[in-house]
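Beneath this line is the structure, given in structure tokens, with notes to follow.
Numbering (our numbering), first residue to last: 66 to 251.
Structure representation (structure tokens):
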């Protein structure tokens with residue numbers, strides 16, 4: 066199965082996904098490609114950082130499951146097509162933007178889309194600042210985030226409010242396990 070975790074910037078998608086990967090087995094995280102530079106203190110393994118030419122070449126070659134240009138920044142983000150093993154080796158977890166989630170849902174209607182939201186705009190803003198985003202980026206992400214949350218609620222099968230990491234991680238793990246059990250009985 067494909068599980069898509071999406072949501073606006075600063076809602077804690079990455080932190081939540083890392084926590085769940087530590088407790089849920091048989092699931093692979095697809096590492097996204099991006100043309101942006103690594104943030105200060107960011108784990109260099111969190112993305113495949115590439116130049117725009119390399120990214121666009123992979124787009125032309127059909128190498129992405131989904132890709133998008135983040136509004137206002139010009140940065141490209143994409144999820145590489147899974148290796149053939151994924152369907153046989155376990156499930157795939159994508160941590161992507163809303164545009165990408167729409168593309169995945171279009172091409173894989175059975176994908177499970179899970180929207181992550183912050184408990185409030187002030188918490189989201191605090192998280193964006195805490196990861197080193199500049200003022201312009203914070204303002205842009207908050208403005209875009211309001212629309213993303215509204216549209217994401219229409220697309221998502223589930224919505225998780227990431228107000229407390231352990232509770233939200235248990236909820237996400239529970240969703241994954243519920244769908245796995247359904248697949249076992251069909």
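Ideal Cβ positions, reconstructed from N, Cα and C, are used throughout, including at glycine. The model shown is predicted, which means the values in this text are computed figures rather than measured ones.
Quiz item: Buried or exposed: residue 117, going by 16 or more other Cβ atoms within 10 Å of its Cβ?
Solution: Looking at its Cβ environment, which holds fewer than 16 other Cβ atoms inside 10 Å, residue 117 is exposed.
DSSP-derived helix/strand/coil call for residue 244:
If DSSP states are grouped into helix, strand and coil, residue 244 belongs with the helices.
Point to revise | Proximal residues to residue 147 (C-beta, below 6 Å), its chain only, five neighbours per side dropped | key: Result list for residue 147: 157, in chain order.
| message | If distances are taken between C-alpha atoms only, which option among 106, 91, 105 and 111 comes closest to residue 97? | response | Comparing Cα-Cα distances from residue 97 to each of 106, 91, 105 and 111, the minimum goes to 111.
- Message: Given a cut-off of 9 Å on the beta-carbon distance, is the pair residue 196 and residue 134 in contact?
- Response: With contacts defined by Cβ atoms closer than 9 Å, residue 196 and residue 134 do not form a contacting pair.
Quiz item: Sorted by chain position, which residues of the same chain lie with C-beta nearer than 8 Å to residue 194's C-beta, five sequence neighbours on each side aside?
Solution: Excluding sequence positions up to five before and after residue 194, its CB lies within less than 8 Å of the CB of 203, all in the same chain and listed in chain order.
| Using a Cβ-Cβ cut-off of 7 Å (strictly less than) and excluding sequence neighbours within five positions of residue 151, which residues of its own chain qualify? | Per-residue confidence for residue 151 stands at a pLDDT of 47, beneath the threshold of 50, marking its modelled position as unreliable; the derived number appears in the next sentence. So the list reads 93 and 157, once near-sequence residues are dropped.
Counterpart residues of residue 160 in DSSP-defined beta bridges:
Residue 160 is bridged to 70.
* Inter-residue spacing [alpha-carbon to alpha-carbon] between residue 171 and residue 143 -> One C-alpha to the other measures close to 16 Å.
Item checked: Sub-9 Å separation of residue 233 and residue 89 beta-carbons -> In terms of Cβ geometry, residue 233 and residue 89 do not form a close pair [threshold 9 Å].
Comparing C-alpha positions only, which one of 200, 207, 201 and 174 sits nearest to residue 189?
Considering only alpha carbons, the answer is 207.
Among the candidates 113, 105 and 136, whose CA atom is the shortest distance from the CA of residue 74? Checking every option, the nearest Cα to that of residue 74 belongs to 136.
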